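For the sequence shown, this note's numbering assigns the number 383 to the last residue and increments by one with no breaks.
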Amino acid sequence: MKEASPLHTKCPRDGCQGTPVERVTVQHHLRPELRGLLGEGPFHFCESADCSVVYFDAVGGAVYEIADVLLPVSYKAQGIGVPLCYCFGVMDDAVRRQVLDGGTSTAPQHVKARMEAEGCHCVTTNPAGRCCLGVIGRRIQIYQQERQVSRGESLRDG
Ligand SMILES: [Zn+2]
């Protein structure tokens, strides 16, 4: 009997624990010329903001980086043109502007309402292969901190 190959579930670049992602997710997001070479996996996704690895094959060892995928990856990028919710087109810079202007963002409620009404397709739309609400929540916190810092500075300067 053939023994199962050992699974390497930590990112080969930064050593953080990868999260399992379906092969169909990797298949959807890779540049077309790389899709034909895709192994059997299982595949993992690296969540680290400052690591250039997006996917890695936990058995075959293949690594796919930011430059190998078609869309900006919300876990690894901020600013204009970066989606947070890939199903309903919620953009990072719009959430940031809402938080800096008003202290919070309606993005989570907006996404939840549309999920309930229309259903979502994160397995294929989101490079992370899963729901965006965790990332949106963390991004709101980051921008709330930014807002506090900038308000503190303007109070001190005034
Ligand atoms: Zn990594």
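Every residue gets a Cβ at the ideal spot worked out from N, C-alpha and C, and that includes glycine.
In this text, all values refer to a predicted model and were calculated from it rather than measured experimentally.
Check	Outcome
With a threshold of 8 Å, establish whether the CB of residue 356 neighbours any heavy atom of ligand 1.	no
Rounded to whole angstroms, what is the Cα-Cα separation between residue 310 and residue 280?	19 Å
Compare the beta carbon distance of residue 307 and residue 318 with 9 Å and say whether it is the shorter of the two.	yes
Considering Cα atoms alone, identify which of 366, 266, 344, 351 is closest to residue 330.	366
When you compare each of 272, 253, 249, 265 to residue 243 by their alpha carbons, which one comes out closest?	272
Would you check if the stretch 357-365 and the stretch 290-309 touch, i.e. whether three or more CB-CB distances between them fall below 8 Å?	yes
Taking the alpha-carbon positions, what's the residue 247 to residue 237 distance?	18 Å
Please return the same chain residues whose Cβ sits closer than 7 Å to the Cβ of residue 234, not counting the five positions on each side in sequence.	242, 243, 269, 283
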